[in-house]
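Chemist: Numbering follows the UniProt record's numbering, in which position 20 of the sequence shown is assigned residue number 20; successive positions increment by one, without gaps. Here it is, the structure, as structure tokens.
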Amino acid sequence: MFDDLRELYQEVILDHSKKPRNFRHPADANHEAHGYNPLCGDTVNVYLKMGHNGLIEDAAFEGKGCAISLASASMMTEIIKGKTESEARHIFDGFQKLVKGEENDFDAGEDTEKLMMLAGVKEFPMRVKCATLAWHAMTSAMDDKTEVSTE
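Written out as structure tokens, the structure reads:
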């Protein structure tokens, strides 16, 4: 059963990396940041449309990188849409601990299962930066910082 689950997770990651959701540059984005991982060359631009009420009305990205990096960015944009800035930061905090293999009581509601698909990167510490690159860019965009590096 574990092998079946791992295979399903790999299929989902490959699907998101080959057909990323929200891969675009929205004209009405009012926050954006560029993320770069110098170890592998992954690069991502995250675009957010933040409402006056603190709600993330739209999230999108553009970039190039490995399957983990693109899949994580794709999943992130789906998950944070409709969330408040505070909720998005909370999800990122738990997700980061999850992929690092740190103990936590990660709960992103209905999105927990999606993010669990990336939990396997904890077995490959160099891939943690790939999985979290877009998330770091998202928080930088919310902080009005235009660039972030994984180093």
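For each residue, glycine too, the CB sits at the ideal point set by N, CA and C. Note that this is a predicted model, so its numbers are computed, not measured.
Nearest-angstrom Cα distance between VAL128 and PHE106?
Modeler: Indexing the sequence shown from 1 puts residue 128 at position 128. Indexing the sequence shown from 1 puts residue 106 at position 106. Straight-line Cα distance between these residues: approximately 17 angstroms.
Chemist: Which of the three DSSP states, helix, strand or coil, is assigned to HIS136?
Modeler: Within the sequence shown, residue 136 is the residue found at index 136, counting from 1. Three-state result, HIS136: helix.
Chemist: With respect to the beta strand (DSSP E) encompassing VAL148, which residues constitute its N-terminal and C-terminal limits?
Modeler: Residue mapping note: residue 148 aligns to position 148 of the sequence shown, counting from 1. From DSSP, the beta strand (DSSP E) with VAL148 extends over 147 to 149.
Chemist: Chain B beta carbons: is any one of them nearer than 7 angstroms to that of THR43?
Modeler: Looking for chain B here will not work: only one protein chain is present.
Chemist: Buried or exposed, going by whether 16 or more other CB atoms sit within 10 Å of the CB of GLY82?
Modeler: For the purposes of this step, residue 82 is taken as residue 82 along the sequence shown, with counting starting at 1. That one is exposed.
Chemist: Between MET116 and ALA27, what straight-line distance do the alpha-carbon atoms span, to the nearest angstrom?
Modeler: Counting from one through the sequence shown, the residue named residue 116 turns up at place 116. Counting from one through the sequence shown, the residue named residue 27 turns up at place 27. The alpha-carbon atoms of MET116 and ALA27 are separated by roughly 32 angstroms.
Chemist: Whole angstroms is fine: what's the gap from ASN53's alpha carbon to ASN22's?
Modeler: Here residue 53 refers to the residue found at position 53 when the sequence shown is read from its first residue. Here residue 22 refers to the residue found at position 22 when the sequence shown is read from its first residue. Those two C-alpha atoms are separated by around 22 angstroms.
Chemist: Spatial neighbours of MET138 within its chain, please: C-beta separation below 6 angstroms, excluding the five flanking residues on both sides.
Modeler: The residue you call residue 138 lines up with position 138 of the sequence shown. If we look at MET138 and ignore the five residues flanking it on each side, its Cβ neighbours are VAL46.
Chemist: What number of angstroms, rounded off, separates the C-alpha of GLU102 from the C-alpha of ILE68?
Modeler: On the sequence shown, position 102 is the one that residue 102 refers to. On the sequence shown, position 68 is the one that residue 68 refers to. GLU102 and ILE68: Cα-Cα distance of roughly 19 angstroms.
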